[in-house]
Amino acid sequence: MSLRIALLDDYQTRAAAAADWSRLADAEMVAFDYHLGGPDDVVAALADFDVVVAMRERTALLSNVLTQLPRLKLVITAGMRNLSIDMECARECGIVVCGTSMLGYPAAELAWALVMSLTKRLPWEQQAMHEGKWQTTRATGLKGKTMGLWGLGKLGQRVARIAQAFEMDVIAWSENLTAKAAAEHGVKWVDFETLMSTSDILSIHVILGERTRDKIGAPEVATMKPTAYIVNTSRGPVINEAALIDALQRNLIAGAGLDVFDVEPLPVDHVLRSLPNVALTGHTGYVTEELYGVVYGQALEAVEAWRQDAPVRVLN
562 MSLRIALLDD
572 YQTRAAAAAD
582 WSRLADAEMV
592 AFDYHLGGPD
602 DVVAALADFD
612 VVVAMRERTA
622 LLSNVLTQLP
632 RLKLVITAGM
642 RNLSIDMECA
652 RECGIVVCGT
662 SMLGYPAAEL
672 AWALVMSLTK
682 RLPWEQQAMH
692 EGKWQTTRAT
702 GLKGKTMGLW
712 GLGKLGQRVA
722 RIAQAFEMDV
732 IAWSENLTAK
742 AAAEHGVKWV
752 DFETLMSTSD
762 ILSIHVILGE
772 RTRDKIGAPE
782 VATMKPTAYI
792 VNTSRGPVIN
802 EAALIDALQR
812 NLIAGAGLDV
822 FDVEPLPVDH
832 VLRSLPNVAL
842 TGHTGYVTEE
852 LYGVVYGQAL
862 EAVEAWRQDA
872 PVRVLN
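At position 1 of the sequence shown (counting the first as 1) the number is 562 in our numbering, and the numbers step up by one without a gap.
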């Protein structure tokens, strides 16, 4: 029986070409270029696989799935953290979970692409030019504006440095951030209320957890400047989606740049796709050729090491 490897959420079918899988001469690779769906659909799709390669937290592999996949013996996730995998259950089921490296800069670059799209009106001006129009919007300058960062980890720090190059004032808050730590990066620590009320651009760089889920809701959005923008390249549920949509529909804020959503892929009829003050990308912060090479190259390495009873980068 050949080794069967599932490549999940491979929307662009790039995983097979991103590594030299031919090194696994007896392996059968199956790429899923769509999201599998709920637990029952995941179980049905993966019942005959020995190895699953998961792209971050797209597909949940919790106990209600893992306990129904007796053939599954190895899960490899992009990155060294995946909150959508039940690590303890996997261990109890005899499933090894390994991680890969990630690249730190693509998500920060995308955050700035969304900032520039919003403030320089790039999607709207490009559409106007294609329609034969000329100068249909007015841009917003960045110099002297306030960049607010919810989260000042590695990604937040990258975004801060670029904001400083634009001569913006940079403020930040997170649960564990201190004034001293912020000052080491030339950033001013503020409390959460001040972050929301004074940011001209609020960029989010936190992980999804109990403390961050729905942290920004209707009361928080209501304190923002009517000229402010929200940029989210983190996880959709850190913002209450209904509250954000309401604020955008009522023009309580100037707009939003979103790469992440409550449900992914974003349904084709979702209201966010129709709002005129939103710049959207389809969770593409990680979608670079360079990152694919790192993730799938190390996924291949992890399969080889596991077959030699010497698994690498084990997470459970």
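Even glycine gets a Cβ: it sits at the ideal position worked out from N, Cα and C.
- In this structure Q696 is exposed. Its beta-carbon is surrounded by fewer than 16 other beta-carbon atoms within 10 angstroms.
- V821 is a Cβ neighbour of S795, given a cutoff of 8 Å.
- Nearest neighbour of D594 by Cα position, chosen from A615, V614, R584 and L569, turns out to be L569.
- In the DSSP assignment, G818 falls outside any alpha helix (DSSP H) and within the unbroken beta strand (DSSP E) covering G816 to L819.
- Between the alpha carbons of E865 and D601 lies a distance of about 30 Å.
- As the crow flies, the alpha-carbon of W582 is around 8 Å from that of A588.
- Per DSSP, the unbroken beta strand (DSSP E) holding W734 starts and ends at D730 to W734.
- In the assembly as shown, H844 is a buried residue. Its beta-carbon has 16 or more other beta-carbons within 10 Å.
- In the three-state DSSP reduction, N793 falls in the strand class (E or B).
- Contact annotation: T661 and A808 have beta-carbon atoms that are not nearer than 8 Å.
- Around V614, the same chain offers L568, I637 and A860 as residues with beta carbons nearer than 6 Å, after the five sequence neighbours per side are excluded.
- Taken atom to atom, the span from the alpha-carbon of H596 to that of R772 is near 27 Å.
- The three-state secondary structure of T759, taken from DSSP, is helix.
- Here L627 is buried. Its C-beta has 16 or more other C-beta atoms within 10 Å.
- For the pair V792 and L675, the CB atoms are nearer than the 8 Å cut-off.
- Rounded to the nearest whole angstrom, the CA to CA distance from R642 to I814 is 33 Å.
- Residue environment analysis places H766 among the buried positions, since at least 16 neighbouring C-beta atoms fall within 10 angstroms of its C-beta.
- Judged by their CB atoms, A592 and T574 are nearer to each other than the 8 Å cut-off.
- One alpha carbon belongs to E736, the other to V751, and they sit about 11 Å apart.
- Counting only residues of its own chain and dropping the five nearest sequence neighbours on each side, E618 has a CB closer than 7 Å to the CB of N643, L644 and S645.
- Counting only residues of its own chain and dropping the five nearest sequence neighbours on each side, G854 has a CB closer than 6 Å to the CB of A579.
- In the structure shown, the three-state DSSP call for T784 is coil.
- Counting only the Cα atoms, L769 lies some 6 Å from V799.
- Between M663 and L703, the C-beta spacing is not below 8 Å.
- In the three-state scheme derived from DSSP, where H, G and I count as helix and E and B as strand, M590 is classed as strand.
- I566: member of the beta strand (DSSP E) spanning L564 to L568, first to last residue.
- Taken atom to atom, the span from the alpha-carbon of G665 to that of L716 is near 7 Å.
- Note: L813 is not bridge-paired with any residue in the DSSP secondary-structure output.
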